[in-house]
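Residue numbers (the numbering used here), protein chains in the order written: chain C, 338 to 650; chain D, 338 to 650. Note that CB positions come from ideal geometry on N, CA and C, so glycine has one too. To start, the structure itself, in structure tokens.
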């Protein structure tokens, strides 16, 4: 076992940061380390938080982290959102909150880029969750940008997924209706001191009534005012209740299997694509084929079959 | 050449609809037809339109289509947005506009699902662009949901990409700053009768000044009120100007090559993934590996290497 892995298992923050960077760069050292780390994973509770811009996800995460720390639990935070205060553009209030967390040895914060620009979850997120898990963080919180594939992918990683909604943003409810409804394990109506909060709660609850009818668990709808720390204790309790529910119903193993499957798919996808598009001979071949497609001497489907024919057994 | 291809080349709307459905279902008939169709493609002008929910993309498309029709051009419309009025939830005003278009033989409208839920462009979009191109549509308009990978992928398909922004939605400008800035060939400030329009224009223009400094083309920022048909003629002219710019600078061929490359990547990705995850023996193997990952007898990286070892030459 390499030094970096040994240091990570001891919880050394610098080694954690280094391995994350290596994993983001698809470095071979990271691959070896990830293999060594896997047996030490599976203990962290993974919480996903998603919601549109301006819904206060980051403030909510800060407050939730504070409370977990009070209970003696260590926390890892992964922000996969280019507009997240964790990724840079923090307002003053957020910055003070974050500085406090950043000074705490029991907290590790990392912001990751998205694949493409605002797209699906970057593949490194699976690695980072495993790293923070192996290093002994009790809770790992993953923040994703509010719309897009990332919002949907998060349920594959998180044991419990929170969807954050703000009163008065018609967009949020619209998005829910458009198909993101199924991903929430808990709804959080944040900024609940805003006008229109009753209507938002009623709207979300009526959607919950439809989607949860006939199910043995009804998705709870909570109100919080994260900036004032209000409602965070109830939220934490609901997260714990959801965890108990998962364990009681054996959905917990199913959820973990889903994460491993998503990770496996992602590693395979990445390897295959780099095999095809980074390897020099393949690259040249693809360039030639693109020329021929443009000249109408071949077409994309025939070209794809030609490439696959040369690489598959 | 099959009947369906012959009918499509004649512009038969039913055959077009049928082939699109076959392509969406990854039917083998579609693959063969797509190969036959390719030589007849490359003539349509492809316009991408993206922007957040409620920015009036669909109304803009309706008005733009009306104008193209007046100029004697045929139009294909592809909506890849679960919240688009073209995909169902049209308001009364929109519905009247769309009915008018739907009655017109020179217009073909199709709404496509997104991959996953709100994620990247569905792979069928490449096929649909080629089909509408081959059947003789002069203009093909692709509407994508405003945030997420789809918004970024659109530039690979479209010759000209419009980013639609609405005054007063702080979100739009935020999103631009977050990295979607580069995708616009033309900015459209729609609903320009709303308060705050001057400020929005100023903000977008100052962003353009930054991103276009040193470039030979400055991204134009236009105002429209699509509902009243205002500014559409100027927009159409700017689209034509951009097309001329592409042709003059030989960026046109580069753009088309980008589309073929994206399509090729997508076909390869799809084929490989279905080879690995749909084939029965592979499926069983993956299930076994997931069990072993869960039991910590192996890890996702080693498992991925094992699978790749069995399928790659």
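Taking CB distances under 9 angstroms as the criterion, tell me whether residue 376 of chain D reaches chain C.
yes
By DSSP's criteria, residue 524 of chain C is part of a beta bridge. Which residues make up the other side?
C:500 and C:558
Using a cut-off of 7 angstroms between C-beta atoms, extract the partners of residue 638 of chain D located in chain C.
368, 371, 372 and 604
Would you give the residue range spanned by the alpha helix (DSSP H) that residue 631 of chain C belongs to?
617 to 631
From what residue to what residue does the alpha helix (DSSP H) around residue 534 of chain C run?
534 to 548
Identify whether residue 413 of chain D lies in helix, strand or coil by the three-state DSSP scheme.
strand
How many angstroms separate the CA atom of residue 672 of chain C from the CA atom of residue 466 of chain D?
There is simply no residue 672 of chain C to check, as chain C begins at 338 and stops at 650 in what is shown.
Closer than 8 angstroms between beta carbons: that is the criterion. Which residues of the segment 592 to 619 of chain D meet it against chain C?
593, 594, 597, 598, 600, 601, 602, 604, 605, 606, 608, 609, 610, 612, 613 and 614
Helix, strand or coil for residue 388 of chain D, going by three-state DSSP, please let me know.
strand
Taking 7 angstroms as the limit between beta carbons, can you name the residues of its chain near residue 493 of chain C, skipping five residues before and five after?
595, 596 and 599
Contact check, residue 498 of chain D vs residue 526 of chain D, beta carbons under 9 angstroms
no
Confirm, please, whether the CB-CB distance from residue 397 of chain C to residue 415 of chain C is below 9 angstroms.
no
What number of angstroms, rounded off, separates the C-alpha of residue 443 of chain C from the C-alpha of residue 633 of chain D?
26 angstroms
Grab me the residues of residue 559 of chain C's own chain with a C-beta within less than 8 angstroms of its C-beta, minus the 5 sequence neighbours each way, in chain order.
523, 524, 525, 526, 568, 571, 572 and 575
Own chain, CB closer than 8 angstroms to residue 636 of chain D, minus 5 neighbours either side, in chain order:
630
Less than 9 angstroms between the C-beta atoms of residue 591 of chain C and residue 363 of chain C, yes or no?
no
Compute the distance between the beta-carbons of residue 471 of chain C and residue 345 of chain C, then report whether it is under 9 angstroms.
yes
Interface flag, residue 499 of chain C vs chain D, CB-CB below 9 angstroms:
no
Beta-carbon contacts of residue 653 of chain D that lie in its chain and below 8 angstroms, excluding the five residues immediately before and after
It is not possible to answer for residue 653 of chain D, since the shown part of chain D is limited to 338 through 650.
Around the Cβ of residue 375 of chain D, are there at least 16 other Cβ atoms within 10 angstroms (buried) or fewer (exposed)?
buried
In terms of DSSP beta bridges, what is residue 448 of chain D paired with?
D:416
Cut-off 6 angstroms between Cβ atoms - residues of its own chain near residue 352 of chain D, not counting five sequence neighbours on either side
341, 344 and 345
C-beta neighbour in chain D for residue 453 of chain C, strict 9 angstroms:
Only weak support is given to the placement of residue 453 of chain C: the predicted model assigns it a pLDDT of 43, under 50, and the value that follows is read from those uncertain coordinates. Answer yes: the Cβ-Cβ gap between residue 453 of chain C and chain D drops below 9 angstroms somewhere.
Just mark residue 587 of chain D as buried or exposed, buried being the case when its beta carbon has 16 or more other beta carbons within 10 Å.
exposed
Any idea if residue 434 of chain D is buried or exposed, counting beta-carbon neighbours within 10 angstroms, 16 or more meaning buried?
buried
Roughly how many angstroms separate the alpha carbons of residue 541 of chain C and residue 554 of chain C, rounded to a whole number?
16 angstroms
Around the Cβ of residue 357 of chain C, are there at least 16 other Cβ atoms within 10 angstroms (buried) or fewer (exposed)?
buried
Residues of its chain near residue 453 of chain C, where Cβ-Cβ distance is below 6 angstroms and the 5 sequence neighbours each way are ignored
Caution is warranted here: a pLDDT of 43 is assigned to residue 453 of chain C, below 50, making its placement in the model unreliable, and no coordinate value can be reported.
So residue 479 of chain D and residue 462 of chain D are in contact, right, with Cβ under 8 angstroms, and what is the actual spacing, rounded?
7 angstroms
Within the same chain, show all residues whose beta-carbon is closer than 7 angstroms to that of residue 566 of chain D, passing over the 5 residues directly before and after it, in chain order.
400
Please name the residue in C:589, C:359, C:538 and C:382 whose C-alpha comes closest to that of residue 476 of chain C.
C:382
Just checking: is the beta-carbon of residue 405 of chain D within a distance shorter than 9 angstroms of some beta-carbon in chain C?
no
In terms of alpha-carbon separation, which member of D:536, D:624, D:413 and D:474 lies closest to residue 448 of chain D?
D:413
Beta-carbon gap between residue 626 of chain D and residue 643 of chain D smaller than 9 angstroms
yes
Can you grab the Cα-Cα spacing for the pair residue 578 of chain C / residue 436 of chain D, in whole Å?
50 angstroms
Give the interface partners of residue 495 of chain C over in chain D, defined as CB-CB distance under 8 angstroms, in chain order.
Ordered by position in chain D, no residue passes the 8 angstroms Cβ test against residue 495 of chain C, which lies about 16 angstroms from the chain.
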